[in-house]
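Trainee: In my numbering, the protein residues as written are 313 to 555. For each residue, glycine too, the CB sits at the ideal point set by N, CA and C.
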């Protein structure tokens, strides 16, 4: 948690503690219903703040931010989700072990960074270097590597596909022609036996690589679905334990 002195005072003065547990419960519920891997927790907090049952505390917090800082009403509205994220993200991380990832905030001059700086100057929070995202960090490249490592069939299929394309390129004496055959299954004109063989090898190589590519895509989609299901299960476990 990176709350600043002024940020803590504003939360206390607004009697935020009376709403905090209900607020966290609503965030968890929204994550379970709407949250997907890669969702920004701050966005989820912003939507939760729009719920009617939090109108009273939101009004108090906005009034006190405006009163205790030199932020405009518009900037106070932008600052509120950030302030509350700094307060609750630690608890959300505990409720979803291993499912809250940090993403470094880029140093570009953006409207968001302007709010970060204004909030820091007004001691609402300390340095904010990260965004917090739902779910494990996914990497298509990493998934491809693991799939190749764990499946001989996929690995050899890809190897044969590439080999056929390379042989076709050597016969055609053109990588471009081999790729045209492999990617579009369009024959290169020619009546010689060697050209026919190159067309067959190029087409077969392209088909095998296409098959492997589909496998990669389906595996990534399944991985994404499994990760979403894991987050949802943790959310429901949280509410079961609360009963």
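I need the DSSP call for residue 327, collapsed to helix, strand or coil.
Mentor: Residue 327 sits at position 15 when you count from the first residue of the chain shown. DSSP places residue 327 in coil when its eight states are reduced to three.
Trainee: Does residue 446 come out as helix, strand or coil in the three-state DSSP assignment?
Mentor: Stepping through the chain shown from its first residue, residue 446 is reached at position 134. Strand, per DSSP.
Trainee: Taking the alpha carbon of residue 496 as the reference point, which residue from 328, 472, 438 and 514 has its own alpha carbon closest?
Mentor: As a position in the chain shown, residue 496 is number 184, starting the count at 1. When each option's Cα is compared against that of residue 496, the closest is 514.
Trainee: Quick one: Cα of residue 537 to Cα of residue 324, how far?
Mentor: For the purposes of this step, residue 537 is taken as the residue at position 225 of the chain shown. For the purposes of this step, residue 324 is taken as the residue at position 12 of the chain shown. Roughly 40 Å separates the two Cα atoms.
Trainee: Quick check on the burial criterion: 16 or more other C-beta atoms within 10 angstroms. Buried or exposed for residue 409?
Mentor: Here residue 409 is taken as the residue at index 97 of the chain shown, counted from 1. Exposed.
Trainee: Can residue 503 and residue 459 be called in contact, C-beta distance under 8 Å?
Mentor: Within the chain shown, residue 503 is the residue found at index 191, counting from 1. Within the chain shown, residue 459 is the residue found at index 147, counting from 1. No, the pair does not count as a contact, with Cβ atoms beyond the cut-off.
Trainee: Quick check on the DSSP output: what are the complete alpha helix (DSSP H) runs of length 4 or more inside the stretch 354-396, in order along the chain?
Mentor: 367-380
Trainee: Please report the Cβ distance between residue 361 and residue 370, rounded to the nearest whole angstrom; I am assuming they are in contact, meaning their Cβ atoms lie under 8 Å.
Mentor: As a position in the chain shown, residue 361 is number 49, starting the count at 1. As a position in the chain shown, residue 370 is number 58, starting the count at 1. The beta-carbon separation of residue 361 and residue 370, rounded to 6 Å, stays under the 8 Å limit for a contact.
Trainee: Report the partner residues of residue 413 according to the DSSP bridge assignment.
Mentor: Translated into positions along the chain shown, residue 413 becomes position 101. Partner(s): 445.
Trainee: Starting from residue 489, trace the alpha helix (DSSP H) both ways and give me its first and last residue.
Mentor: As a position in the chain shown, residue 489 is number 177, starting the count at 1. Taken as a continuous stretch (DSSP letters only), the alpha helix (DSSP H) holding residue 489 covers 487-496.
Trainee: Mark residue 501 as exposed unless 16 or more other C-beta atoms lie within 10 angstroms of its C-beta, in which case mark it buried.
Mentor: Position 189 of the chain shown, counted from the start, is the residue given in the question as residue 501. Classification for residue 501: exposed.
Trainee: Can you list, in chain order, the residues of its chain whose CB lies under 8 Å from that of residue 401, leaving out five sequence neighbours each side?
Mentor: Your numbering for residue 401 matches position 89 in the chain shown. Result list for residue 401: 313, 353, 412 and 444, in chain order.
Trainee: Hey, quick one: how far does the alpha helix (DSSP H) through residue 434 stretch, first residue to last?
Mentor: Walking along the chain shown from the start, residue 434 turns up at place 122. Neither: residue 434 is in no alpha helix (DSSP H) and is coded neither H nor E.
Trainee: Looking only at its own chain, which residues have a Cβ that is under 7 Å from the Cβ of residue 342, when we skip the five neighbours before and after it?
Mentor: Within the chain shown, residue 342 is the residue found at index 30, counting from 1. Hits under 7 Å: 356, 359 and 360.
Trainee: If you follow the alpha helix (DSSP H) that residue 542 is in, where does it begin and where does it stop?
Mentor: As a first step, residue 542 must be located in the chain shown, where it is residue number 230. Per DSSP, residue 542 belongs to the alpha helix (DSSP H) from 505-554.
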